[in-house]
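In the numbering used here, the protein residues as written are 42 to 625.
Just below is one structure, and these are the notes that go with it.
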Amino acid sequence: MKDRLQQLLDEALARLRAEGVLPADAPPAAVERARDSAHGDFATNAALVLAKAAGLSPRTLAERIVAALPQAPQVEAVEIAGPGFVNFRLRPDAWLEAVRAALAQGEAWGRSEAGRGRRVQVEFVSANPTGPLHVGHGRGAAYGDAVANLLEATGWAVEREYYVNDAGRQMDILAASVWLRYLELCGEPVAFPANGYQGDYVFDIAADLHRADGEAHRRPWGEVARGLPPDAPEGDQERHMDALIARARELLGPESWRRVHGIGLEVMLESIRRDLEAFRVRYDRWFSERSLVEGGAVARAVERLRAAGQVYERDGALWFRASAFGDEKDRVLVRESGQPTYFASDVAYHLDKAGRGFERMIDVWGADHHGYVPRLRAALAALGIDPERLEVRLVQFAVLYRGGRKVQMSTRSGEFVTLRELREEVGTDAARFFYVLRSAEQHLDFDLDLAKSQTADNPVYYVQYAHARICSVMRQLEAKGLAHDRARGLAALGRLTEAHERSLVRTLARWPEVVEAAAAARAPHQVAHYLRELANDFHACYNAVPFLVDDDALRDARLALILATRQTLANGLRLLGVSAPESM
RNA sequence: GCGCCCGUAGCUCAGCUGGAUAGAGCGUCGGCCUCCGGAGCCGAAGGUCAGAGGUUCGAAUCCUCUCGGGCGCGCCA
42 MKDRLQQLLD EALARLRAEG VLPADAPPAA VERARDSAHG DFATNAALVL
92 AKAAGLSPRT LAERIVAALP QAPQVEAVEI AGPGFVNFRL RPDAWLEAVR
142 AALAQGEAWG RSEAGRGRRV QVEFVSANPT GPLHVGHGRG AAYGDAVANL
192 LEATGWAVER EYYVNDAGRQ MDILAASVWL RYLELCGEPV AFPANGYQGD
242 YVFDIAADLH RADGEAHRRP WGEVARGLPP DAPEGDQERH MDALIARARE
292 LLGPESWRRV HGIGLEVMLE SIRRDLEAFR VRYDRWFSER SLVEGGAVAR
342 AVERLRAAGQ VYERDGALWF RASAFGDEKD RVLVRESGQP TYFASDVAYH
392 LDKAGRGFER MIDVWGADHH GYVPRLRAAL AALGIDPERL EVRLVQFAVL
442 YRGGRKVQMS TRSGEFVTLR ELREEVGTDA ARFFYVLRSA EQHLDFDLDL
492 AKSQTADNPV YYVQYAHARI CSVMRQLEAK GLAHDRARGL AALGRLTEAH
542 ERSLVRTLAR WPEVVEAAAA ARAPHQVAHY LRELANDFHA CYNAVPFLVD
592 DDALRDARLA LILATRQTLA NGLRLLGVSA PESM
């Protein structure tokens, strides 16, 4: 509907340009939904925006625009108001088209081809496989998946990817931690390092290893600890850990080390995969960092930067001239030790993505990584890749509240709330809805008690209840020995004249615009808010207007309206990864 | 110190590329069940959009500064 009016406006403006009223390079003007129904249904500020360029007063220009507008059957009236707004009022039945469309298109209602099949990749969560997913990752998962769904719904060819950091020091620390817990199980008097992974899951992995391999990886603690630099608090915990890892590799030999390293990775990855699956998040691809390192892609990426003349050596390390591309300082690619940094593999990773031909690469990151964005863009620019293809979406932290008090989290000590615990406590539906209820750049206060409560306060139940209630009406219909005659209902849509019905129809008609806007802004919270509003309009209608009336045509028309509402609720909830129950 | 994000009703937040009297939910107060699920509906009170300048026909929205909060600023990932 909005598109149709935009067409009319564009035609009118083109005509005025042809007549010389408007200069050829006049800026575009848009049609928007009127906020206040007193201003009609849609409005355009074209006359206000273009008045200066045309050298006319806004109201005079508005009159010229109105005169130039082509006729359209849906438009009942066009009025000029205020300083020069042009307001469109539609004929009441123009809105009813939405009911027909919702029923005819079913699951496709609201979808569009705006993306024209262009390829976009959404990479999200990508947590290190060194521990279970916690509630912070949950928000990234809910957000990233919903954004991917929205892009799919608007005609993009979407790929969801998880970047697995299976190379590097953090994985080595996990391997060392697992091995030390394993040695404890073997009866060795281990002093567990301050910097090791403390969580219970490490014991579980160690126990798995012990069950499977017996004492094959046992080494005397005295040999392990011999001559290591002191741990914190007396010494440096990082140096201690590095030495411990080196010692582990030396004592275990390559094969045993790979085994210990591998079981940690395997168990954690499997746990992450299961958590996400239960959270209704599926990936097209799990991309291994190690495959980049071992395949030489990291070295090649560094070489490409070198060939571009954007690296130099200093203090024994290899630096990338990031400051020449807008970053605040230069960044190390290869350490003095010869080890490439995480940044180097990330450059290689994004180079690989770009090479896979995605028109857009959307990375969903925790907001604490924001400082990392400029250097990655800088690297892409230095490699001749348009940095605009990379879109980094930062998701702020979620803070959990229980009983009005903040729930403390700390990854170090292993006392964090895991995504699994959250899911078990409030359920996937409530968790996913709450996570996307606020815009991503907003800190999220996640009230566990509210998410669990089965009351009107809880927006998830409110929306789901609307869906279940419509299903219940249909069951009642059946119990009365009646059936819905869709054709008869659609033919009688003109009889939906009650204020609540008209309001519901208008909200319904907005759905395709909501999907498009939410996708464009990468803002699934707009869908959540819309669903709340739609449910509200439905509940109001439910209380004001009886559906199962004796008049067959009127009944079928009203049922067509609420079935269209049910379809819209279901489509919206699906985009957010939330179920639409038939009864609750 | 520098950089990024944020500051809107008692609380939690919307407010789409600047647009016409600033919107929801919760909470508070007052109403609505002989009827399709009361997990519902209706109404009322409640705001100097942190503050000060500026741009504009028009600013919660854009620019500058100040104040307040969060997060970054590693040869960690």
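For glycine and all other residues, C-beta sits at the position ideal for the given N, C-alpha and C.
Quick caveat, the model's predicted, so the values are computed rather than measured.
Local conformation of V477 per DSSP, three classes
Coil.
May I ask you to list the residues that DSSP assigns as paired with W406?
DSSP output for W406 lists L435 as bridge partner(s).
Which of the three DSSP states is assigned to R453 in this structure?
The predicted position of R453 is uncertain, since its pLDDT is 49 and thus under 50; no value can be drawn from it.
Considering just the uninterrupted stretch of the beta strand (DSSP E) at I603, what are its terminal residues?
Element bounds for I603: not the beta strand (DSSP E) but the alpha helix (DSSP H), D593 to L617.
If you compare alpha carbons, which of V352, G268, R536 and Y353 is closest to D592?
The option with the nearest alpha carbon to D592 is R536.
Taking one C-beta from the stretch 397-404 and one from the stretch 360-373 each time, how about it: are there three or more such pairs within less than 8 Å?
At 8 Å Cβ cutoff, the stretches do not touch.
By a C-beta neighbour count over all protein chains shown, 10 Å radius and 16 as the cutoff for buried, is R453 buried or exposed?
Unreliable positioning characterises R453 in this predicted model, as indicated by a pLDDT of 49, which lies under 50. A coordinate reading is not provided.
By Cβ distance below 7 Å, which residues in the same chain neighbour G156 in space, the five residues on each side in sequence not counted?
Annotation for G156: L192, T195, G196 and W197 place their beta carbon closer than 7 Å to its own, counting only its chain and skipping 5 residues before and after.
C-beta contact flag for P99 and G125 at 9 Å:
Cβ atoms of P99 and G125: closer than 9 Å.
Report back the beta-carbon spacing between E256 and C227 to the nearest angstrom; my notes put them in contact at under 8 Å.
The beta-carbon distance between E256 and C227, rounded to whole angstroms, is 5 Å. This is short enough to meet the 8 Å contact definition.
Does the separation of the CB atoms of I246 and V339 fall below 9 Å?
With a cutoff of 9 Å on beta-carbon distance, I246 and V339 are scored as not near each other.
Kindly identify the DSSP beta-bridge partner or partners of R443.
Residue pairing by DSSP puts R443 in a beta bridge opposite R446.
Excluding five sequence neighbours on each side, which residues of the same chain lie with their C-beta closer than 6 Å to the C-beta of H411?
Taken in chain order, the residues that qualify are L435.
Sub-9 Å separation of R461 and L489 beta-carbons
No, the Cβ-Cβ distance between R461 and L489 is not below 9 Å.
Ends of the alpha helix (DSSP H) at E632?
Past the boundaries of the shown model lies residue 632; the chain is included only from 42 to 625, so the question cannot be answered.
Just verifying my parser: in three-state terms, what is the DSSP assignment at F361?
F361 falls in the strand class under three-state DSSP.
Can you tell me the Cα-Cα spacing of E335 and S494, whole angstroms?
E335 and S494 have their C-alpha atoms some 50 Å from each other.
Member of E432, R473 and A423 whose CA lies at the smallest distance from the CA of A439
Across the set E432, R473 and A423, the C-alpha of R473 shows the shortest separation from the C-alpha of A439.
Between which residues of its own chain and E628 is the CB-CB distance below 7 Å, once the five residues before and five after are set aside?
Only positions 42 to 625 of the chain appear in this structure, which leaves residue 628 out of reach.
Candidates A70, Y353 and G158, of which the one nearest T365 by Cα:
The question names Thr, but residue 365 in the sequence shown is Ala. Among A70, Y353 and G158, the Cα nearest to that of A365 is on Y353.
Judging by CA-CA distance, which residue of Q146, N584, R341 and F129 is the nearest neighbour of H697?
Since the displayed the chain opens at 42 and closes at 625, residue 697 lies outside it and no answer follows.
Throw me the rounded Cβ distance for the G367 and A419 pair, which I believe falls under 8 Å.
Correct: roughly 6 Å between the Cβ atoms.
Just verifying my parser: in three-state terms, what is the DSSP assignment at G61?
The three-state reading of DSSP puts G61 in coil, since its state is none of H, G, I, E or B.
Which residues in the same chain have their Cβ closer than 7 Å to the Cβ of D582, if we skip the five residues on either side of it in sequence?
In the sequence under discussion, the amino acid at residue 582 is Cys, which differs from the Asp named in the question. Within the same chain, Cβ atoms closer than 7 Å to the Cβ of C582 are found at H541, E542 and L545, the five residues on either side in sequence being excluded.
Going by C-alpha to C-alpha distance, which of A395, Y223 and R372 sits closest to A385?
The shortest C-alpha separation from A385 is found at R372.
Could you check whether V405 and L417 sit closer than 9 Å to each other, using their CB atoms as the reference points?
Not a contact, by the Cβ cut-off of 9 Å.
Nearest-angstrom Cα separation, counted from I403 out to Y203
Those two C-alpha atoms are separated by around 12 Å.
Is DSSP giving F399 helix, strand or coil here?
DSSP, reduced to helix, strand and coil, places F399 outside both helices and strands of the structure shown, so it counts as coil.
What runs of the alpha helix (DSSP H), each 4 residues or longer, lie entirely inside the stretch 495-565?
If we require 4 residues or more, the alpha helix (DSSP H) runs fully inside the stretch 495-565 come out as 500-520, 527-532, 540-550 and 552-561.
Are N499 and A492 closer than 9 Å when you measure CB to CB?
Yes; because the gap between Cβ atoms is below 9 Å, this pair is in contact.
Taking R527 as the reference, give the member of A605, Y223, R551 and G237 with the closest Cα.
Comparing Cα-Cα distances from R527 to each of A605, Y223, R551 and G237, the minimum goes to A605.
Tell me the start and end of each unbroken beta strand (DSSP E) in the stretch 134-176 that is at least 3 residues and wholly inside, in chain order.
For the stretch 134-176, whole beta strand (DSSP E) runs of length 3 or above, ordered along the chain, are 160-164.
Judging by CA-CA distance, which residue of E291, H302 and A342 is the nearest neighbour of P170?
When the alpha-carbon of P170 is set against those of E291, H302 and A342, the nearest one is in H302.
Proximity winner among A559, L485 and L306, relative to G209 (alpha-carbon distances):
Comparing Cα positions, the closest option is L306.
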